[in-house]
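Since the structure comes first, as structure tokens, the remarks are kept for the end.
Chains as they are written, first to last, in our numbering: chain A, 7 to 438; chain B, 15 to 314.
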């Protein structure tokens with residue numbers, strides 16, 4: 007008897023991409039009837055069972071791994087790599103085509119927050135409804151009710167229909183119910199991608215609390231800092247297969263390397279969680295490496311350009327805008343702040359996006375993952391402020407020109423010269 | 015929210031040392047095996063029973079939401095059969111002089127409308143229920159049968175309200191229910207099963223073929239005329255009675271009148287056929303549903 011929580015062996019899932027599936031997810035009765043009549047004829051004509059244009063797609067192929075109780079596994083990979091399919095199979099929402107999975111313990115799945123929330127029902131009613139849908143018993147919910155409400159900080163709005171909630175309130179309530187699920191094995195999809203940063207942090211804390219209780223978690227995320235903070239191990243999926251499996255940080259690294267160029271090109275114009283008076287708005291953000299390509303991986307000591315696209319919303323150009331670029335660690339420790347105000351280079355933002363680059367000739371960051379926040383000010387007024395605009399990865403480089411990486415554990419690299427002083431100046435007993 | 019966290023951690027729920035002591039007594043972990051399944055599958059009644067609270071809450075949600083933001087609210091549960099009764103009484107009872115087995119036509123129509131309205135609403139609800147709840151199906155596991163079951167159960171509240179109105183009508187018309195009234199719960203049960211069996215079939219078909227949602231209003235309308243709601247079953251020629259009985263609601267509606275008003279001979283043969291038809295529909299529907307169920311999340 008071992009303490010295996012999840013054992014997955016040779017798991018595969020095949021989907022058919024046919025012409026009818028391409029147009030709509032479902033067939034009409036007429037199409038099926040026509041198919042049924044035509045199929046034998048077609049077979050006669052072609053002499054084979056092959057139906058044209060039906061393609062199979064293995065969303066998941068031959069996936070095997072084991073997870074022990076109390077482990078937190080991060081599942082990462084690009085869109086379409088099969089992450090969600092894997093979760094859906096483990097959550098028993100869909101059946102595998104091949105293979106087998108054994109799950110030891112009660113499973114709770116959280117593929118979406120607020121599943122089954124009804125806009126017409128009040129917060130109180132939705133707590134019960136959503137809780138039951140997620141697999142809690144009525145008594146369970148009753149016992150945890152006050153805790154759920156307190157966590158969501160919505161005591162005053164319990165009897166308001168949730169359609170009158172702001173989206174933030176809605177997400178807080180939804181996540182709060184989910185956070186109080188009590189299964190032995192929790193299957194979580196990208197649910198932290200929503201909500202404001204402060205509440206996200208709280209949820210992360212709550213989840214790591216759950217993990218430290220010895221609960222097993224399988225966690226899909228694009229947020230590498232969350233994966234790194236929560237997960238001991240990680241699995242990297244690519245084209246439905248396991249590309250890497252091991253310690254979370256190593257797997258994250260191979261994922262980021264695999265991503266190559268192209269990532270931080272973030273459209274910001276739709277972000278609703280911005281603060282500031284709004285005369286200037288950031289609309290896009292990209293990072294380029296020394297070769298002038300958009301890159302996910304920068305290198306220590308090499309040039310890096312942070313490119314900000316911003317526009318004036320007043321219809322006229324605005325002079326003397328100070329743009330701020332803040333870089334923090336993945337745990338959100340502030341590392342450095344850069345601004346055209348500091349360097350004394352004035353910037354004018356026009357109504358149709360102005361592109362401003364912040365060139366850093368020698369990137370003073372050690373290997374690791376970092377996050378970027380942006381801000382804009384006119385005088386002392388904050389006109390736009392966006393947190394967590396993008397993340398970027400810095401790979402080992404040669405900042406010091408000596409081949410030494412600096413650190414470990416210290417993210418900032420600083421130019422310096424070490425020199426042994428002449429003997430007379432360094433004598434301790436010389437002062438009097 | 016460190017307080018919440020510590021409370022959470024300190025909750026004396028489970029002893030967490032299973033790794034050291036294999037298979038501890040009180041909290042043995044259930045093992046779920048996930049594998050591809052093939053062919054027909056039997057009904058898992060035990061699992062459905064475990065999910066009874068979900069059936070309850072989904073039905074409760076439907077009831078709660080049904081009359082939200084309406085000015086008249088639950089009164090609609092009364093108005094629907096009452097208005098239908100008024101219209102039928104004017105046109106069929108008054109103008110067309112439809113026979114009503116010697117009963118006041120209004121009462122005759124209402125006793126037919128009561129189970130019929132339930133059946134029509136429950137069938138419509140249940141048939142569209144899987145597609146209406148597709149967000150649940152693609153995001154959470156539970157036995158999918160829960161959804162049409164809840165769809166059928168949600169209509170029972172309106173039925174109960176309709177019964178309240180019936181009592182008022184009986185008093186108004188000075189009609190005392192016959193002793194046969196004890197069979198009424200069985201007849202209600204048959205109406206529920208009729209709606210359920212049709213609902214299970216159509217809801218599973220609806221996932222694959224959205225034609226169902228367009229066909230349903232028409233189906234219900236035709237079905238109304240194939241059911242002795244506005245006319246007595248005695249109007250149907252004797253020779254066609256067995257065929258007529260294939261509509262389980264014919265037996266239910268006649269049964270309702272017989273149980274409540276006790277006017278004619280019992281609907282014995284009609285009911286016998288009705289029970290048989292419902293059982294066939296239900297069992298075949300359950301098998302079809304269970305077979306299609308595994309693909310719901312992929313197709314819906």
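We treat Cβ as the ideally placed atom computed from N, Cα and C, and that holds for glycine. The model shown is predicted, which means the values in this text are computed figures rather than measured ones.
Own chain residues within Cβ distance below 7 Å of residue i, not counting five before or after
| i | result |
| --- | --- |
| residue 81(B) | 87, 88 and 90 |
| residue 373(A) | 306, 400, 401, 402 and 411 |
| residue 58(B) | 157 |
| residue 425(A) | none |
| residue 105(A) | 15, 16, 17 and 18 |
| residue 344(A) | 331 and 364 |
| residue 65(B) | 156, 157 and 160 |
| residue 311(B) | 151 and 152 |
Contact check, residue i vs residue j, beta carbons under 8 Å
| i | j | result |
| --- | --- | --- |
| residue 292(B) | residue 207(B) | yes |
| residue 120(A) | residue 166(A) | no |
| residue 240(A) | residue 209(A) | no |
| residue 126(A) | residue 171(B) | no |
| residue 256(B) | residue 287(B) | yes |
| residue 81(A) | residue 314(A) | no |
| residue 211(B) | residue 144(B) | no |
| residue 221(A) | residue 190(A) | yes |
| residue 264(B) | residue 242(B) | yes |
| residue 103(B) | residue 270(B) | no |
| residue 165(B) | residue 140(B) | yes |
| residue 142(B) | residue 220(B) | yes |
| residue 466(A) | residue 193(A) | Residue 466(A) is absent from the structure shown; chain A starts at 7 and stops at 438. |
| residue 233(A) | residue 262(A) | no |
| residue 106(B) | residue 244(B) | yes |
Member of the options whose CA lies at the smallest distance from the CA of residue i
| i | options | result |
| --- | --- | --- |
| residue 127(B) | 54(B), 267(B) and 285(B) | 267(B) |
| residue 419(A) | 341(A), 362(A) and 382(A) | 341(A) |
| residue 138(B) | 70(B), 169(B), 150(B) and 154(B) | 169(B) |
| residue 281(A) | 377(A), 381(A), 81(A) and 409(A) | 381(A) |
| residue 94(A) | 223(B), 150(B) and 163(B) | 150(B) |
| residue 63(A) | 313(A), 246(A), 294(A) and 358(A) | 246(A) |
| residue 74(B) | 163(B), 209(B) and 222(B) | 163(B) |
| residue 4(A) | 181(A), 190(A), 325(A) and 227(A) | Because chain A in this structure spans residues 7 to 438, residue 4(A) falls outside the shown range and cannot be described. |
| residue 309(B) | 243(A), 13(A) and 22(A) | 22(A) |
| residue 322(A) | 345(A), 286(A), 339(A) and 295(A) | 286(A) |
| residue 159(B) | 107(B), 56(B) and 265(B) | 56(B) |
| residue 417(A) | 229(A), 334(A) and 383(A) | 334(A) |
| residue 383(A) | 283(A), 377(A) and 308(A) | 283(A) |
| residue 148(B) | 108(B), 85(B) and 218(B) | 218(B) |
| residue 214(B) | 119(B), 92(B) and 306(B) | 306(B) |
| residue 118(A) | 111(A), 229(A) and 136(A) | 136(A) |
| residue 371(A) | 394(A), 414(A) and 390(A) | 414(A) |
| residue 367(A) | 308(A), 158(A), 405(A) and 385(A) | 308(A) |
Supposed contact pair residue j and residue i - C-beta distance, whole angstroms, cut 8 Å
| i | j | result |
| --- | --- | --- |
| residue 18(A) | residue 66(A) | 6 Å |
| residue 290(A) | residue 392(A) | No, residue 290(A) and residue 392(A) are not in contact; Cβ-Cβ is about 11 Å, not under 8 Å. |
| residue 293(A) | residue 310(A) | 7 Å |
| residue 246(B) | residue 113(B) | 6 Å |
| residue 1(A) | residue 132(A) | No statement about residue 1(A) is possible, as the shown extent of chain A runs from 7 to 438 and does not include it. |
| residue 230(B) | residue 249(B) | Contact flag wrong, Cβ pair sits at about 27 Å. |
| residue 235(A) | residue 214(A) | 7 Å |
Own chain residues within Cβ distance below 6 Å of residue i, not counting five before or after
| i | result |
| --- | --- |
| residue 430(A) | none |
| residue 301(B) | 54 |
| residue 250(A) | 242, 257 and 260 |
| residue 12(A) | 73 and 109 |
| residue 13(B) | The shown model of chain B, from 15 to 314, leaves out residue 13(B), and the question about it has no answer. |
| residue 187(A) | 114 and 140 |
| residue 39(B) | Here residue 39(B) scores only 39 on pLDDT, less than 50, and its place in the model is too uncertain to base an answer on. |
| residue 36(B) | With a pLDDT of only 39 at residue 36(B), under the threshold of 50, the placement of this residue in the model should not be trusted, and no figure is reported. |
| residue 239(B) | none |
Cutoff 8 Å; reference residue i; Cβ partners in own chain excluding five residues on either side
| i | result |
| --- | --- |
| residue 317(A) | 286, 287, 289, 355, 356, 357, 358, 359 and 360 |
| residue 121(B) | 183, 184, 187, 189 and 275 |
| residue 84(B) | 90 |
- [ ] Please list the residues of the stretch 104-122 of chain A that have a C-beta atom closer than 7 Å to any C-beta atom in chain B, keeping them in chain order.
- [x] Contact residues of the stretch 104-122 of chain A toward chain B are 104, 106, 107, 108, 109, 110, 111, 112, 113, 115, 117, 118, 121 and 122 (C-beta to C-beta distance below 7 Å).
Task: Short-range partners of chain B found in the stretch 72-98 of chain A, where Cβ spacing is below 9 Å - done: Along the stretch 72-98 of chain A, the positions whose C-beta sits under 9 Å from a C-beta of chain B are 74, 75, 76, 94, 95, 96, 97 and 98, read in chain order.
Open item on the list: Beta carbons nearer than 8 Å to chain B: which residues of the stretch 397-425 of chain A have them?
Closed with: Within the stretch 397-425 of chain A, no residue has a Cβ that lies closer than 8 Å to any Cβ of chain B.
Task: the stretch 44-67 of chain B: positions lying closer than 7 Å to chain A by Cβ - done: Among the residues of the stretch 44-67 of chain B, those with a Cβ less than 7 Å away from any Cβ of chain A are 44, 45, 46, 47, 48, 49, 50, 51 and 67, in the order of the chain.
TODO: Check distances from the C-beta atoms of the stretch 143-177 of chain B to those of chain A and list, in chain order, the residues that come in under 7 Å.
DONE: Those would be 149, 150, 152, 153, 154 and 155, in chain order.
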